[in-house]
Amino acid sequence: MFNKMFTKLPVGCFTDILRMCYDYGRIRLAKDRGDGMRLTSFTEYSLRVLLYLGTRPKGQLSSIKEISSIYHISTNHLSKIVYELGKLGLIQTIRGRNGGIRLAKDPEEINIGWVVRQTEEDFHQAACFDESKQGCIISSACRLKSVLSEALNAYLNVLDSYSLQDLLVNQKTLQRLFEQTAQIPRRELTE
Numbered sequence: 001m002f003n004k005m006f007t008k009l010p011v012g013c014f015t016d017i018l019r020m021c022y023d024y025g026r027i028r029l030a031k032d033r034g035d036g037m038r039l040t041s042f043t044e045y046s047l048r049v050l051l052y053l054g055t056r057p058k059g060q061l062s063s064i065k066e067i068s069s070i071y072h073i074s075t076n077h078l079s080k081i082v083y084e085l086g087k088l089g090l091i092q093t094i095r096g097r098n099g100g101i102r103l104a105k106d107p108e109e110i111n112i113g114w115v116v117r118q119t120e121e122d123f124h125q126a127a128c129f130d131e132s133k134q135g136c137i138i139s140s141a142c143r144l145k146s147v148l149s150e151a152l153n154a155y156l157n158v159l160d161s162y163s164l165q166d167l168l169v170n171q172k173t174l175q176r177l178f179e180q181t182a183q184i185p186r187r188e189l190t191e
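In full-length UniProt numbering, the protein residues as written are 1 to 191.
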């Protein structure tokens, strides 16, 4: 039933998917103070890179510097992300003077849930999820872990039902926003 609710809703970007989860009360979005289910910045930026590359004409190369200036991400951090996405086979990197990066797969072949699983370090929502930590004294009787596990599974199941192509339904609008952002002068972003 949960997945059926989402197939009827229009999806414009990754944030919309998370907002839908929140609106239906199944998963609580992270607040600014850092609680709740939350993606690491590494995963968020990985998805942003894929979104950007997905809006480019097929085969067109982009640069790390170009993406960095659009998203206001440090080029050093973005280089690490691009390297990992390349290792995962999601993007193709071409070295040299006329090199750059582009999607290595068609957007419909890139599953958002898979990307999140590959780029997140862990999904420990509480200490009881991390077996390397000391066990909680109430773990044998506590249902919190199973409830959080159920929420995490619902979260990942929603992400599994979307491909990068699903997030590009408003591709023209995204392209226009990227172009507008690129025209605004920016200072070099480095760490």
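All residues carry an ideal CB built from backbone N, CA and C; glycine is no exception.
According to the DSSP assignment, glutamine 92 belongs to the beta strand (DSSP E) that extends over 91-94. For the pair leucine 103 and glycine 54, the CB atoms are nearer than the 8 angstroms cut-off.
Rounded to whole angstroms, the Cβ separation of isoleucine 110 and leucine 90 is 6 angstroms, and the two are in contact under 8 angstroms.
Each of Ser161, Asp122 and Ser69 was checked against the Cα of alanine 182, and the nearest Cα belongs to Ser69. For leucine 88, there is no enclosing alpha helix (DSSP H), as DSSP marks it with neither H nor E. One thing to note: threonine 43 has its Cβ within 8 angstroms of the Cβ of valine 116. In the same chain as valine 147, and ignoring 5 residues on each side of it, no C-beta atom comes closer than 6 angstroms to its own.
Contact annotation: arginine 48 and tyrosine 71 have beta-carbon atoms nearer than 8 angstroms. Sequence-distant partners of threonine 40 (beyond 5 residues in either direction) whose C-beta falls short of 8 angstroms from its own C-beta, in its chain, are Thr119, Glu120 and Glu121.
If you ignore the 5 residues before and after glycine 100, its C-beta comes within less than 7 angstroms of the C-beta of Leu61, Ser62, Ser63 and Ile94, all in its own chain and listed in chain order. Per the C-alpha coordinates, the member of Trp114, Gln92 and Tyr52 positioned closest to asparagine 153 is Trp114. With 16 or more other Cβ atoms from the protein chains shown falling within 10 Å of its own Cβ, proline 107 counts as buried.
With respect to the C-alpha of glycine 59, the residue from Leu168, Ser140, Lys105 and Glu179 having the closest C-alpha is Lys105.
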